[in-house]
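Have a look at the structure below before the remarks.
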Ligand SMILES: [Zn+2]
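Here is the structure:
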């Protein structure tokens, strides 16, 4: 017997409950997925895209990495973005960070955690570029602000990918949203107006 039996039991109970509620639920999803949203979020276990937005399976395409970083050389992120925009034709890309992000904290405090430090270098660069503002804030507020600036910077990076630029050139409707989730309330803060061809 697997030590993960409880997870498998949960899975069977969940599937049975969904079918009891909506007998066509799974057969509809087998036919196709038509999500309107691409979520780019942190890998943090406390920020699950579907649950905090009340979306069902099939409704949001998801990419998560440590500290929701967007860099134009990340082929995993670019592949997800390209498929979501060009094939699924999502209408909204949401970059959602969260306050108290461990990855952003490690970058801000210049902690040494090994390989992941290379990934977090992107955030350290953002912190350096915003040192003037961050240095005026107490440590918890500086972390919260860097979590926000990281999201805004990554949304801008998204707008400058060839994938988003090409979609906008074709006139495809696509907005990029900058959000930050509060672990202590479960609420999402909207950090800025969505990026569109006019606002990018
Ligand atoms: Zn995080």
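Numbering (the numbering used here), first residue to last: 2 to 201.
Idealized CB from N, CA, C, for every residue including glycine.
If you're wondering where the values come from, they're calculated on a predicted model, not measured in any experiment.
query	result
Spatial neighbours of residue 149 in its chain, beta-carbon cut-off 6 Å, leaving aside the 5 residues before and after	181 and 192
Near ligand 1: residue 91 beta-carbon under 8 Å from a heavy atom	no
Closer than 8 Å: residue 105 CB and nearest ligand 1 heavy atom	yes
Residue 190 - DSSP class collapsed to helix/strand/coil	strand
Whole-angstrom distance between residue 56 and residue 8, CA atom to CA atom	21 Å
Inter-stretch contact (C-beta, 8 Å, three-pair minimum) for the segment 92-105 and the segment 140-160	yes
DSSP bridge partner residues for residue 42 (one or two, in chain order)	65 and 97
Residues bridged to residue 179 (per DSSP)	96
Residue 44 Cβ short of 8 Å to ligand 1 heavy atom set	yes
Through-space distance from residue 83 to residue 46, alpha-carbon basis	25 Å
Neighbour-count burial assignment, residue 40, 16 or more Cβ in a 10 Å radius	buried
Nearest neighbour of residue 118, chosen from 19, 201, 78 and 67 [CA to CA]	67
Cut-off 7 Å between Cβ atoms - residues of its own chain near residue 71, not counting five sequence neighbours on either side	41, 78, 96, 155, 158 and 159
Sequence-distant residues of the same chain with beta carbon closer than 8 Å to residue 53, five excluded per side	182, 187 and 189
Endpoints, alpha helix (DSSP H) assigned at residue 77	76-83
Where the alpha helix (DSSP H) through residue 106 begins and ends	103-109
Per DSSP, the bridge partner or partners of residue 196	177
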